[in-house]
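First comes the structure, then the notes that go with it.
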Amino acid sequence: MKTHLILASRSPRRRELLEEAGYVFCVMPASDAAEDAVHSGETPEEYVKRLAFQKAADVLDQLEKGTQAILIGCDTLVTVKGKIIGKPKDRDDARRILQELRGTTHEVLSGLCLWNTYEGIVAEGIDRTILQMDAISDAELEEYLNTEKWAGKAGAFGYQDGYDRLHIVSGSESNVVGLPMELLEHLIEDHFITPVISKKMKETLQTKLAASHQEHLLDHWDSLTELQQTLLRNQIDFVDFDQLAALYQNRDTVIDTEPLISRAEEPPFYVLGKEQNQIGRQTAIRAGEELLRSGKAAALVVAGGQGTRLGFEHPKGMYPIGAVNHTTLFQIHLEKIAARAKKYGKPFPLCVMTSPVTHQETVDFLEKHNRFGFPEDDLYIFPQGVMPAVSLADGKVLLSSPGEIAFTPDGHGGMLTAIENSGTLDRLAKRGIEQLFYFQIDNPLVDIGNEEFLGYHLLSGSELSSQAVRKQFPEERVGNIIRVDGRLHVIEYCDLPDDAAQIRKPDGTLAIWAGSIAVHIMNLAFLKKHAAMKDSLPFHIAKKKVPYVDRQGNLRKPPEPNAIKFERFIFDLLPAAENAIVVEVDARHHFAPLKNASGAATDTPESVKKQCRDFYVEWLNAVGVEVVPGVAVEISPLFANSPAELTGKVAPGTRITSDRYFA
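The numbering of the sequence shown is my numbering, which starts it at 34 and goes up by one.
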């Protein structure tokens, strides 16, 4: 994770105050465990100060070891005559609180904790604001309650909502809104930024950077604010320049796949839906059902990508792919998992790996939509790690702004480190989770938690199992799964020589046929073991166009690839997995990746919607329902998550003549 200011709160008001003040920061909410009851004999001041400290400490526990940052923990409460007024439990509780506050003065207290992990400094403070509420009538009180703006707010009101019956008597307005900005700036100035820091820090960094020929990172040092200088220093300390130099030196190394291909064999595989597998289909289904019924499975979606190639400047999971209801990818996946959890009567937790670019927007989107009904306690959201982008020409680390290194996500293989460092792996283990169903956000047809797939994985003793589709032509742009010396490997399509891709078996089918679709089941103990190994996954080189700030401070947007990104791929774990297997699936029913903008040859919004529509039509036809050609249909997983679940919900003989969303 890159270093920065970190707000240990999901409050949108606190985030807005920091943004308005021009701070560069990210959000990592403290867990609910940081919220604690008032201790016996504890004053409101002691309580709010302790909670602010606990929130900062909770986020510190979530950070990757060695992360350099300034953590901001804050807690706000309302008191009347020394008595704490909490958040209302419901409308009646909100009425009681407002009846107590009206016509009186009361106090808003905020505890603030700033934790500088680089220097081990903790600074704390308390801010207080006195408010007067008008003596509102019962009718006015009920009118305010009807707005529901009281929900989730200490004192059952939000000053920032423009409620004109509240008046500040004394103190800070920002404190009432949620984050005492004057106190924040005072603590930063008094405890973290000293008069000698800039000159001394620059000299130290120059010496360090000279050893790796990266002194240009300080080109704009003197134009930065003191806080920006501190954050840039922390970013520089985070970078392993020796590792970067070694990776850059090997940038042109050609991957020789010939030794693998010359010994390649067909991987051990099962066919989903086929009765004559080595393990019987019904036997596999029963094993998968038992796992789900025992609550020992969870899912993980890689959701760090943006929809830039789609002309959609938001996290790809927010893309409205539903043909009728414009349902987003996030909603489709969350509803599928919720449907399986309901079917088996056990939680089916979901981990969402974001990227630094998409993390906060993803969190805000899911909160705005109440996670589409998905239980908050079963959702784990964490960002993946980052690596600096370096110049293709000379290996120099690029700057995205005068005071910020150009960091880029470290690939879907970064999941291994991110799930460990975020504490999510330990949380899953404590819940008794044994298997993790892994998939990528852009495939709305992935059957999350498919019982048959889970069963083959379990009964074969596999540590890592992969779904694959049978390639339609030799050059298809998918990873190629092969077996070499008893271990599975994936060869990227760009690394598979044409002559090897063309090889066919006696029956005329492709010898290298298993195309990976990035759907896996992973044993949690296997992940834990390899997450503890520093170099479990190698870095791959990607040459990309990366905007950067030049030595004169100008932002450059190169028309051609100018930089190297370093990425890790999760499929590089396959050779380390015992008894790894492949499960072949029908691409028509399981693989519809949304990757390209309208007009491209494949994987466009139009082609994905059509494939999903055809998929649902098959379901409906299976229960005797006719869909008129050209009519769009879409089925919420909460309505039916399989054709069998449609039985009894749509009458046989029904003829659908207009677009319809089943929910």
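Beta carbons are placed, not taken as given, at the ideal position from N, Cα and C, and that holds for glycine. From a predicted model like this one, the values you see are computed outputs, not experimental measurements.
Original post:
If you scan the region 285 to 348 from start to end, which runs of the alpha helix (DSSP H) of 4 or more residues do you find wholly inside it?
Top reply: 291 to 295 and 314 to 326
**OP:** For F58, I'd like the list of residues in its chain whose CB is within less than 7 Å of its CB, leaving aside the five on either flank, ordered along the chain.
**Re:** H37, L38, I39, L40 and L51
Subject >> L543, buried or exposed, once every other Cβ within 10 Å from all chains shown has been counted against 16 >> reply: buried
Subject >> Cβ neighbour criterion (16 or more within 10 Å) applied to L588 >> reply: exposed
**OP:** Compute the beta-carbon to beta-carbon distance between A85 and L131, rounded to the nearest angstrom, for a pair I have assumed lies under 8 Å.
**Re:** Contact flag wrong, Cβ pair sits at about 26 Å.
Original post:
Looking at C-alpha atoms only, which residue of I466, V202 and H573 is the closest neighbour of R161?
Top reply: V202
Original post:
Going by C-alpha distance, which of T150, F572, F345 and K561 is nearest T286?
Top reply: F572
Original post:
Among the residues of its own chain, which have a CB less than 8 Å from the CB of D411, if the five just before and after it don't count?
Top reply: A374, P380, F381, P382 and L383
Original post:
Which parts of the region 162 to 206 are runs of the beta strand (DSSP E), unbroken and 3 residues or longer, counting only runs that do not cross its ends?
Top reply: 199 to 203
Original post:
How many angstroms separate the CA atom of E176 from the CA atom of L333?
Top reply: 44 Å
**OP:** Kindly indicate which residue of D197, P213 and R198 has the alpha-carbon position closest to the one of G204.
**Re:** P213
**OP:** Just the C-alpha distance for G378 and Y56, rounded to the nearest angstrom, thanks.
**Re:** 45 Å
Original post:
Just checking, does the region 111 to 126 make contact with the region 183 to 190 on the three C-beta pairs under 8 Å criterion?
Top reply: yes
Original post:
DSSP three-state call for T112: helix, strand or coil?
Top reply: strand
Subject >> beta strand (DSSP E) segment containing N403, residue limits >> reply: Note, N403: premise wrong, no beta strand (DSSP E); not H, not E.
Original post:
Any idea if F440 is buried or exposed, counting beta-carbon neighbours within 10 angstroms, 16 or more meaning buried?
Top reply: buried
Original post:
Since V335 contacts M448 with CB under 8 Å, what's their CB separation in whole angstroms?
Top reply: 6 Å
Subject >> Residues that DSSP places opposite V658 in a beta bridge >> reply: Beta-bridge pairing links V658 to no other residue.
Original post:
Hey, is the region 451 to 471 in contact with the region 578 to 596, meaning 3+ C-beta pairs nearer than 8 Å?
Top reply: no
Original post:
Based on Cα-Cα distance, which residue from E291, Q339, I438 and K561 lies nearest to E525?
Top reply: E291
Subject >> Short Cβ contact (8 Å threshold) for I163 with E78 >> reply: no
Original post:
Nearest CA to the CA of A422: which residue from F407, G444, P416 and F405?
Top reply: G444
Original post:
So what does DSSP say about L497, is it helix, strand or coil?
Top reply: strand
Original post:
Which of the three DSSP states, helix, strand or coil, is assigned to P416?
Top reply: strand
**OP:** Check the C-beta distance from F559 over to E496 and give it rounded, since I have them as a contact under 8 Å.
**Re:** 4 Å
Original post:
Are the beta-carbon atoms of G337 and Q417 separated by less than 8 Å?
Top reply: yes
Original post:
How many angstroms separate the CA atom of R646 from the CA atom of L362?
Top reply: 15 Å
Subject >> P300 beta carbon less than 8 Å from that of R516 >> reply: yes
Original post:
Are the Cβ atoms of D475 and K349 separated by less than 8 Å?
Top reply: yes
**OP:** Give a yes or no on contact between the region 613 to 621 and the region 496 to 512, applying the rule of three or more CB pairs nearer than 8 Å.
**Re:** yes
Original post:
Just checking my contact of A330 with L487 at CB under 8 Å: how many whole Å lie between their CB atoms?
Top reply: 7 Å
**OP:** Please confirm whether V650 and V641 have their CB atoms less than 8 Å apart.
**Re:** no
Original post:
With respect to the alpha helix (DSSP H) encompassing Y80, which residues constitute its N-terminal and C-terminal limits?
Top reply: P77 to Q95
Original post:
To the nearest angstrom, how far is it from the Cα of L242 to the Cα of R601?
Top reply: 26 Å
Original post:
In the region 410 to 474, which residue ranges form an unbroken alpha helix (DSSP H) of at least 4 residues, counting only runs that do not cross its ends?
Top reply: 448 to 454 and 457 to 463
**OP:** Can you grab the Cα-Cα spacing for the pair I354 / A696, in whole Å?
**Re:** 16 Å
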